[in-house]
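Remarks on the structure that follows.
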Amino acid sequence: MVVYRITNAKYKEAILSGVGAELYGGRWNMTGTRAVYCSQHVSLALLEYYIHAENIALLPKEILVAEIVIPDNLNIHKLQVLPKQWNTYPYSPNSARVFTEMVVHDAILGLQVPSAIVGLESNIILNPLHKDFGKVSVKAFHNLPIDPRPREK
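Note that the UniProt record's numbering has the sequence shown beginning at 1, numbered continuously upward.
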C-alpha cells in the first residue's frame, strides 16, 4: 500500500515520528499518543494539510509530499463502526480514543478511517511505536509546488 503525507521541508526528517500528533492530538488520537496521519491520495493529503493550517496565508511556499510504502503483509485495520460524532469539529473524545486505545494494546500498525473532509476517501493513521513500524518506509519525497490562489482568499 502506498500512502501520502505532506510536510514542510524543515520537518522532512521527522516525517514518520508522530511527534506533532503526540503534542497536539487529533481527530483519531489523544494528546500524548504518537500517530502518523497519511492519506490514500496526494490531493487528499494536501487538502488535509490546508484544513489543519491555522492560517493558510502563512503556509510555506514549498512543501514536500512523502510517498510512504506500507508492505502488503502488514495489517492495516479498517474501522468498521464509526464512533458517534466522529466527524465533528472540534474533535470528539469518542473518536480520539479509538486509535489511542488500539495503540495502548499494541494491537495495530495502522488504522484506515474515512476522511471527515472527503468521506468517500480514506486516511491511514500509523502507529510509529508498533513493532513492525520499521518496515514502513519513505520511498521518495517530491517537491509540491503550491498554487498561490488559496493564500489570496
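Every residue, glycine too, gets a C-beta built ideally from N, C-alpha and C.
Note that this is a predicted model, so its numbers are computed, not measured.
Throw me the rounded Cβ distance for the residue i and residue j pair, which I believe falls under 8 Å.
i, j, result
"Leu109", "Ile68", "Not really, about 12 Å apart at Cβ, beyond 8 Å."
"Ile6", "Ala35", "That belief does not hold up - the Cβ atoms of Ile6 and Ala35 are roughly 15 Å apart, past 8 Å."
"Ser17", "Pro128", "6 Å"
"Thr100", "Met30", "4 Å"
"Ile146", "Ile63", "6 Å"
Taking residue i as the reference, which of the options has the closest Cα?
i, options, result
"Val2", "Ala140, Gly134, Arg149", "Ala140"
"Val113", "Lys131, Lys135, Asp132, Val81", "Val81"
"Val65", "Asn8, Lys135, Ile125, Arg149", "Asn8"
"His130", "Gly20, Thr33, Asn55, Gly26", "Thr33"
"Glu48", "Leu74, Ile125, Ser137", "Ile125"
"Ile117", "Leu23, Ala21, Ser39", "Ser39"
"Gly25", "Gly134, Ser92, Ile56", "Ser92"
By the 10 Å Cβ neighbour count, where 16 or more other Cβ atoms means buried, how is residue i classified, buried or exposed?
i, result
"Ala14", "exposed"
"Tyr4", "buried"
"Arg27", "buried"
"residue 155", "The displayed coordinates of the chain run from 1 to 153. Any statement about residue 155 would go beyond what the structure contains."
"Leu111", "buried"
"Val136", "buried"
Measure the alpha-carbon distance for residue i versus residue j and round it to whole angstroms.
i, j, result
"Ala107", "Asn123", "18 Å"
"Ile51", "Ser115", "12 Å"
"Ala53", "Pro60", "11 Å"
"Glu22", "Ala96", "12 Å"
"Val104", "Leu144", "35 Å"
"Pro83", "Tyr37", "18 Å"
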